[in-house]
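The next block holds one structure in the form of structure tokens; read it before the comments.
Chains as they are written, first to last, in the numbering used here: chain U, 1378 to 1686; chain E, 19 to 284; chain H, -5 to 379.
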């Protein structure tokens, strides 16, 4: 399984391969590509177009929908659902930061300090994947239960007073609050942070650490000046792999949150599957996609991963 | 001071192990609560020890049926995505062709898209085509989103492969087909296996895309989702625990076999 | 009194390294590297030379013993607190920093703000002034090597450690860099400790060479001393080539030892015998191939008296320009190697010809017979390939 996820790590920056070798049989590549690409075009690209068209339609379920270039749907859904958008972005951002803070030490541990325990820890990171994530998310209901030890401890230590003051929790409860949702999101996407981090840390030549030490860098300086910069590809793909699915998630908000923690995913799901207001749902989904693509592009540019070796 | 020094030196280890326990805590809870005998419909609070659920894992209506359906879909989706994805990966690494950039982005985009967006747009397509939602629409959707992951896994392996190996095979009188079967494919096999495993895990555990495109068909994740509203039977925890154990055993076995092979080589 | 005279020497006292798995890389070892010298640790891979170097650098903690730099004991100091810098094997240049920043790294860590002048000077010293803003992967192997040297030297270490610094370069570049490193060492006057498996490299560059084998120093001395007076079969075989003949001690006559080998007698100066030579005991007699003259058997009468001689038959000869290398079959040694300068070639010296090998007794050396006669032969051959 380790190789699975190692391979999964790098994809988040679209890559251009260095000149592949020329070969005979000029049509071969096209035949190889055709079935898979057709699949993606028909079931991934085409639906996007359908969705775009749906978002500017008007009508009703009974009378049917028509394309009327009704762009107002975008404006209306934005004005109505901006709190959910904002929540999605801020919850996802919080979960991403938490994943980075929690995941880095573990990835570092596996890469440099685990020794013969490396494989075992690796298994323990990946194995939870195989238990349905819904079951594991439900387990958080037990862990964070009102009468449970976690809430009890947080209460005794007056942590909940602080978090309630910050608006993260409500009274003596953790469940059905933003904290619970962020906690669930962090938990769910933590492996997606750890694995790319581990991959890029593991690639670092151990001699570079020695060289830094030899050149008067203390361990912390070595980390800041050598290890962390060299792990940037992992940090970038890890944060993307965490942020993107977290921003679109609605499972955690539904299972661990309340109506006050609804994210944009919840809205899209309800509009599509319950209210059956397809144009609004399509418009919301389109806005979410555009927002994420924009953020991702800016992020990749700013983090300057292409500058790294 | 020795304690402070010890702490300083092992800070990373301590922090890492704390994270690891955070990752594993829910699995522990799932396992412990598979031995619970809850009072009401929900299995969130500990009542008393019982092995009832383990003795009768399929004792809940529809659960094992949905599990079977999920497995079936996962197997077919893995097969489809692995075949299509491997072909694309080989084309990308081993051949030159036009519109390479466009192909690369088409493969990259599904991985950079929130699931709910893909789910919603695919449902729009199916509704417009008037397709009957169910097994086939789920399978189509799963192959679609697993495909990119397979391509990436296989591509990484094929790219790290020395092209001189294939040249050597041709130099030693292997034709293109033989070169592929006897050299390329065996070397790429770990990448293909990795891609297939990933596809299986993704498909089997998928909820969001399935939820949109399943109609009234119920896969295992959808069963769990539904039970979160109606009441969670203990059997869910039994299945969750069993899946975890099977996964760990599989990976351990794979690792031991791999180690033995390496030792034989050395 | 002791402390003042060792102002800048590197002193290893009883230092050893045993790993957790029980493997002992370095046996307890005493070694002093005088200040300002170019010192080489020479040996095959796995002999403990790199471990020794890493213990000086602080990258490896010794299992026993102490490391002193001048007056200061540094045994337990972490590398970033030692006035020692290393040129790593395959250089370990930071891939995310450009050449300038790589070279400036150590200065910046020590809180030095204005580094520009020093870095520029250092880059000029290694002739890379033009490349300052390039990334390491844009440079050739030789250039990367010079960056690694500059990055270490700019810190004015008390000792510069070089771990197989030329291993990744091709032969021609290696020769060039050997001279370059020697020039830099002379220019800056810093102690260099150089780890290598290449005996030619060690002999060309170093003032003092320590030959290591199996975690111990077999012999230590100047290159000429090691070559002319090897004291073990390992040194004799690892440094260049030696012909070793098993012989029996016959008598001692004054300063010389007379030995019986096959049917003949050989003379060995007592001072050049590192083994106890009692009558009736065994000794290994060694002679370097280039010290031997080859005379056709028909002319045997012309050989001056007082030289050691052995008769044999030429098995192979190979002409390599400046010299011709012969392999001679003889009763006392199956494959005697002889290198003859191509000054006046005797056309009769072809495979199959009967010949007399003869050399001055002063060039003979004697070794303890209780060692493996082939020690160091294969390792030397492998590494050179």
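All residues carry an ideal CB built from backbone N, CA and C; glycine is no exception.
Residue i, DSSP secondary structure in three states
i, result
"residue 1550 of chain U", "strand"
"residue 349 of chain H", "strand"
"residue 32 of chain H", "strand"
"residue 7 of chain H", "strand"
"residue 210 of chain H", "strand"
"residue 1441 of chain U", "strand"
"residue 95 of chain H", "helix"
"residue 1675 of chain U", "helix"
"residue 41 of chain E", "helix"
"residue 142 of chain H", "helix"
"residue -5 of chain H", "Residue placement at residue -5 of chain H cannot be trusted, given a pLDDT of 36 that sits under 50; the coordinates are not used to answer."
"residue 54 of chain E", "strand"
"residue 1399 of chain U", "Its pLDDT being 47, under 50, residue 1399 of chain U is placed unreliably in this model, and the value from its coordinates should be taken loosely. Three-state DSSP puts residue 1399 of chain U in coil, outside helix and strand."
"residue 363 of chain H", "coil"
"residue 1560 of chain U", "helix"
Supposed contact pair residue j and residue i - C-beta distance, whole angstroms, cut 8 Å
i, j, result
"residue 242 of chain E", "residue 1509 of chain U", "6 Å"
"residue 1442 of chain U", "residue 1436 of chain U", "4 Å"
"residue 1505 of chain U", "residue 1513 of chain U", "6 Å"
"residue 1416 of chain U", "residue 124 of chain E", "Contact flag wrong, Cβ pair sits at about 10 Å."
"residue 239 of chain E", "residue 224 of chain E", "7 Å"
"residue 277 of chain H", "residue 253 of chain H", "6 Å"
"residue 1624 of chain U", "residue 1669 of chain U", "6 Å"
"residue 1590 of chain U", "residue 72 of chain H", "7 Å"
"residue 209 of chain H", "residue 271 of chain H", "Not really, about 29 Å apart at Cβ, beyond 8 Å."
"residue 84 of chain E", "residue 237 of chain E", "6 Å"
"residue 332 of chain H", "residue 288 of chain H", "5 Å"
Spatial neighbours of residue i in its chain, beta-carbon cut-off 8 Å, leaving aside the 5 residues before and after
i, result
"residue 397 of chain H", "The structure shown does not extend to residue 397 of chain H, since chain H spans only -5 to 379, so no value can be given for it."
"residue 12 of chain H", "18, 19, 57"
"residue 206 of chain H", "35, 36, 37, 41, 42, 43, 46, 212"
"residue 1520 of chain U", "1527"
"residue 262 of chain E", "45, 48, 49"
Neighbourhood of residue i by C-beta, 6 Å cutoff - its chain only, sequence neighbours within 5 removed
i, result
"residue 1457 of chain U", "none"
"residue 384 of chain H", "Any answer about residue 384 of chain H is impossible in this case: the structure gives chain H only from -5 up to 379."
"residue 1557 of chain U", "1521, 1551, 1633"
Span of the alpha helix (DSSP H) around residue i
i, result
"residue 1405 of chain U", "1405 to 1417"
"residue 160 of chain E", "153 to 177"
"residue 1586 of chain U", "1583 to 1591"
"residue 213 of chain E", "203 to 223"
"residue 46 of chain H", "43 to 51"
"residue 1625 of chain U", "1609 to 1625"
"residue 98 of chain E", "81 to 112"
"residue 244 of chain E", "238 to 248"
Endpoints, beta strand (DSSP E) assigned at residue i
i, result
"residue 1463 of chain U", "Not the beta strand (DSSP E): residue 1463 of chain U falls in the alpha helix (DSSP H), residues 1449 to 1485."
"residue 307 of chain H", "302 to 313"
"residue 246 of chain H", "237 to 247"
"residue 1726 of chain U", "Coverage of chain U is limited to positions 1378 through 1686, which leaves residue 1726 of chain U absent and any answer about it impossible."
"residue 190 of chain H", "185 to 190"
"residue 320 of chain H", "317 to 324"
"residue 79 of chain H", "78 to 81"
"residue 251 of chain H", "250 to 255"
"residue 58 of chain H", "58 to 63"
"residue 18 of chain H", "18 to 27"
Contacts around residue i, its chain only, beta-carbon distance under 7 Å, and the 5 residues preceding and following it disregarded
i, result
"residue 111 of chain E", "173, 176, 177"
"residue 217 of chain E", "95, 96, 99, 100, 164, 167, 168"
"residue 67 of chain E", "53"
"residue 107 of chain E", "169, 172, 173, 176"
Practice item. Mind checking the segment 1455 to 1479 of chain U against chain E and listing, in chain order, the residues whose C-beta falls within less than 7 Å of any C-beta there? Key: For the segment 1455 to 1479 of chain U, which is checked against every Cβ of chain E, the residues closer than 7 Å are 1479.
Exercise for review: Can you give me, in chain order, the residues of the segment -3 to 26 of chain H that have a beta carbon less than 8 Å from any beta carbon in chain U?
Suggested key: For chain U, none of the residues of the segment -3 to 26 of chain H brings a beta carbon within less than 8 Å of one of its beta carbons.
**Study point:** Near-chain H residues of the segment 1571 to 1584 of chain U (beta-carbon distance less than 8 Å), N- to C-terminal order
**Key:** So the list reads 1582, 1584, given in the order they occur along the chain.
**Study point:** Where the segment 137 to 157 of chain H meets chain U: residues whose CB sits under 8 Å from a CB there
**Key:** If the cut-off is 8 Å between Cβ atoms, the segment 137 to 157 of chain H has 145, 146, 149 near chain U.
Point to revise | Residues of the segment 1511 to 1526 of chain U whose Cβ lies closer than 7 Å to any Cβ of chain E, in chain order | key: Across the segment 1511 to 1526 of chain U, CB contacts with chain E closer than 7 Å involve 1511, 1512, 1513, 1515, 1516, 1517, 1518, 1519, 1520, 1522, in sequence order along the chain.
Point to revise | Residues of the segment 48 to 64 of chain H with Cβ closer than 8 Å to any Cβ of chain U, in chain order | key: Result list: 51, 52, 53.
Check your understanding: the segment 71 to 82 of chain H: which residues have C-beta closer than 7 Å to a C-beta of chain U, in chain order?
Key -> Residues passing the 7 Å Cβ filter: 72, 73, 74, 79, 80, 82.
**Study point:** Residues, ordered as in the chain, of the segment 105 to 121 of chain E that lie near chain U by beta-carbon distance below 8 Å
**Key:** Against chain U - using a Cβ distance shorter than 8 Å - the residues of the segment 105 to 121 of chain E are 105, 106, 108, 109, 110, 111, 112, 113, 114, 115, 118, 119, 121.
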